[in-house]
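Colleague:
2 protein chains.
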Amino acid sequence: MQDFVFQNSTKLIFGKEKEQLVGQESVVFGKKVLLHYGGGSIKKTGLYDRVVQSLLEQGIEIFELTGVQPNPRVSLVREGIALCKEKSIDLILAVGGGSVIDSAKAIAAGVKYDGDVWDFFDGKAEVTDCLPIGVVLTIPAAGSETSEGTVITNGDGWYKRSTGHPTMRPKFAILNPILTYTLPAYQTACGITDMMAHILERYFTNEKSVELTDRLCEAALRTIINNAHTVLEDPTNYDARAEIMWSGTIAHNDLLGTGRIGDWGSHDIEHEISGIYDIAHGAGLAIVFPAWMKYVYKHDLNRFAQFANRVWDVEIDLNNLEKTALKGIEKTEAFFHSIGMPVRLTEANIGEEHLEQMAKKGTERGPLGNFVKLHENDVLQILKLAL
Amino acid sequence: MQDFVFQNSTKLIFGKEKEQLVGQESVVFGKKVLLHYGGGSIKKTGLYDRVVQSLLEQGIEIFELTGVQPNPRVSLVREGIALCKEKSIDLILAVGGGSVIDSAKAIAAGVKYDGDVWDFFDGKAEVTDCLPIGVVLTIPAAGSETSEGTVITNGDGWYKRSTGHPTMRPKFAILNPILTYTLPAYQTACGITDMMAHILERYFTNEKSVELTDRLCEAALRTIINNAHTVLEDPTNYDARAEIMWSGTIAHNDLLGTGRIGDWGSHDIEHEISGIYDIAHGAGLAIVFPAWMKYVYKHDLNRFAQFANRVWDVEIDLNNLEKTALKGIEKTEAFFHSIGMPVRLTEANIGEEHLEQMAKKGTERGPLGNFVKLHENDVLQILKLAL
């Protein structure tokens, strides 16, 4: 087991109608709140009104920055930074999913920095401080509600890059599973894939003595898999929505990664795809992960066989571990397909035109991944396997 | 799933030689530290010297309060409160196991309260604030290093009572598995039983939709069971010690209890035993838990069968769930025995003299437990089953 430091201070408030507490949780940090969200969906569902009412009841002055897109853009982040500085904002309240939260995090860090915020994403500067961030989560997927990371897209060259810092962890996150009832099936499935990918990135490690976290990862994966079809077929099933929502947070709160070095190569490859194509992150991961698995599984047959056995109930064939491993990969791919995800680039209408460019750009700051180090040609081979 | 709030901010620093960071972690809270510990074992192992040196390097003034006993006493807590007030202590540093940490927590709360500290334990007052607490953990067992609770014994009538508050969570906890190499086998086994009991108390719930936390509980239980004999037979096995140590923290950091109402009847019954007999808490739990299970299992055969299957690999006999359930209980009891724990009161030289008194005292503030509510006669029957 690797040495580690683990601290996750986000206050999680989970359950029915908990968005009504957003005012009292926010006012702790001050009276000027930037309400940050995407488009009209939170207005359609009435969530916007409930949040605003709760904030106003606490005498909070609300400023708004709307229009966050999936794969959130640095241009809007820059707008948010200017607004926060001008209005002396005390707290950024992200109401939405991972894109909105990530955008809020980048704004929060940028406010405390004199240079351009993109410096954090291309390695020219490191985050040291942040405005406080609060969250009302509407999409269980990214785990950004308690993570210390953010991923932002720069339209100037379509770079999608990440950065992180402990101060970026939201101070509080409100999780009401009922808010996810209205999510379209496709978006629900993208979220399920994203949270599974967060666990898989941690699961595939070269660290040998990681039994507790292996088993915790397997527990979360099995729960997600076991509830996925239920939420797709019965979108207002509270219990299943709650399992998925809580799993999405646990998948990425860093506990499951303690003592181990995760991989993250598949995430980086996916960022190249969705940096160019504006495909949903979850859909991109459903395409990349099976291809990545097929490319690397021989590196540690035991781990892939354990995965097949403990997550997918594949019987271990001790005389043919490769067969066991491959069955696990097959089941992973079939599962993503079964929940409506594409598992090939072509299914997402992505051809081979830009594969070489993605492989080159993705590795220009060095090889990707840790389980197996992926150089430019490795990434290209994985992308070709994903065609 | 029940609604819940979850926040655990303790900074966990895990790994080899990490006690050398204690000075820099402590000085954040001030320059006056109360070093709180038990007896001479930390001096024998050299840990005391390393901690003192690290504190002195940060210019910290050290005050000492030693002599914490297993089942820590309110008398020493009162002494600590007086000392902290007199010396204007900034941080209480607990170096030891659960007893030392619990004693530190009670002192920390008492310093901020004008009345007698026992008021917190017999329900006359509630904790509202605390001095900061730091921990260097030497015994993985109680999980007190990140929990918000404390259990203190009052020699005046041998009451053992608990209280808790979020501010009681230690600010940091340093976990170096190597520090546990020198633990006697019996103490190691008591710790293993205690952490398993913390999970079992959460596991046996009447809440139906708790799949994620069920599976997380099972993951932690399997890990503990799988590493228990290794640490007993090979006490300097770093990897196994690390699995046990991290499991002990996860068992009681409240994550595994999110969305569910735990039982805690067995803990309360054990407190009556160790309030009178000064038996190790873990040993008391090894005696009470199997008896409790035998008394209540019919209340939810499905849950006990799931436990038998997922934790102990007992095949589910759908035509005889009771048989499956009983096999799980049998395996639990056999496991405790196999690691050197008593599983009967008589094995711990406790006879039937005080059973009625314990049952009466234990229930004088109301019935115990939640899975099944235990009244005086129920507790007596469980104690008799434990004979």
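Chains A and B are the protein sequences, given in the same order.
Position one of the first sequence corresponds to residue 173 (my numbering), numbered consecutively onward.
Position one of the second sequence corresponds to residue 173 (my numbering), numbered consecutively onward.
Backbone N, C-alpha and C define an ideal beta-carbon position, used for all residues, glycine too.
#1: Indicate whether I279 of chain A and I253 of chain A have their beta-carbon atoms separated by less than 8 Å.
#2: Run through DSSP, which three-state label would V297 of chain A get?
#3: Roughly how many whole angstroms lie between the Cα atoms of I573 of chain A and G270 of chain A?
#4: Could you give the DSSP three-state label for T408 of chain B: helix, strand or coil?
#5: Closer than 8 Å, CB to CB, is F178 of chain B near chain A or not?
#6: List the residues of chain B that N398 of chain A touches, going by C-beta distances under 7 Å, in chain order.
#7: Give a yes or no on whether the minimum CB-CB distance between S260 of chain B and chain A is below 8 Å.
#8: Contact defined as beta carbons within less than 8 Å: I believe S438 of chain B pairs with F461 of chain B. What is the distance between those atoms, to the nearest angstrom?
#9: In chain order, which continuous runs of the beta strand (DSSP E) of length 3 or greater are located wholly inside the region 240-282 of chain A?
#10: Which residues mark the beginning and the end of the beta strand (DSSP E) in which F344 of chain B is found?
#11: Per DSSP, what kind of secondary structure is F176 of chain A in: helix, strand or coil?
#12: Need the endpoints of the alpha helix (DSSP H) that V551 of chain B sits in, please.
#13: Between R394 of chain A and chain B, is there a C-beta pair that is closer than 8 Å?
#14: From the DSSP output, read off the bridge partner residues of L540 of chain B.
#15: Cβ of Y209 of chain B within 8 Å of Cβ of V272 of chain B?
#16: Any beta-carbon of chain C closer than 8 Å to the one on M173 of chain B?
#17: Strictly below 7 Å CB to CB, what residues from chain B border S319 of chain A?
#18: Residues in its own chain within less than 6 Å of M465 of chain B by CB, not counting five upstream and five downstream?
#19: Kindly identify the DSSP beta-bridge partner or partners of R333 of chain B.
#20: Quick one: using the 10 Å Cβ neighbour count with 16 as the cut-off for buried, is N474 of chain B buried or exposed?
#21: Let me confirm a value: L490 of chain B is counted as buried when at least 16 other C-beta atoms fall within 10 Å, else exposed. Which label applies?
#22: Would a C-beta distance cut-off of 8 Å place A506 of chain B and P514 of chain B closer than the cut-off?
#23: Quick one: complete beta strand (DSSP E) runs, 3+ long, within the region 452-497 of chain A?
#24: Any beta carbon of chain B sitting closer than 8 Å to that of L372 of chain A?
#25: One question on the structure: do H370 of chain A and G282 of chain A come within less than 8 Å of each other, judged by their Cβ atoms?
#26: Where does the unbroken beta strand (DSSP E) through V205 of chain A begin, and where does it stop?
#27: Are V544 of chain B and V486 of chain B touching if we call contact CB-CB under 8 Å?
#28: Less than 8 Å between the CB atoms is what I'm expecting for Q230 of chain B and Q196 of chain B, so what's the real figure, rounded?
#29: Express the C-alpha separation of L559 of chain A and V307 of chain A in angstroms, rounding to a whole number.
#30: Please identify the residue among B:C256, B:F508, B:D386, B:L427 whose C-alpha is closest to the C-alpha of A276 of chain B.
#31: Quickly, what does DSSP pair G187 of chain A with across the bridge? List them, please.
Modeller: Taking the geometry as given:
#1: yes
#2: At residue 297 of chain A the sequence reads Ala, which differs from the Val that was named. A297 of chain A: coil per DSSP, three-state reduction.
#3: Summary: the structure shown does not reach residue 573 of chain A, with chain A confined to residues 173 through 559, and so no result is reported for it.
#4: coil
#5: yes
#6: E383
#7: no
#8: 5 Å
#9: 263-268
#10: 344-347
#11: strand
#12: 548-557
#13: yes
#14: B:L546
#15: yes
#16: Going by chain labels, chain C is absent from the structure shown, which instead holds the protein chains A and B.
#17: Near S319 of chain A there are no residues of chain B at all, since even the closest Cβ is about 15 Å away, more than 7 Å.
#18: I501
#19: B:I324
#20: exposed
#21: exposed
#22: no
#23: none
#24: no
#25: no
#26: 204-209
#27: no
#28: 6 Å
#29: 37 Å
#30: B:C256
#31: Paired residue(s): none; G187 of chain A is not in a bridge.
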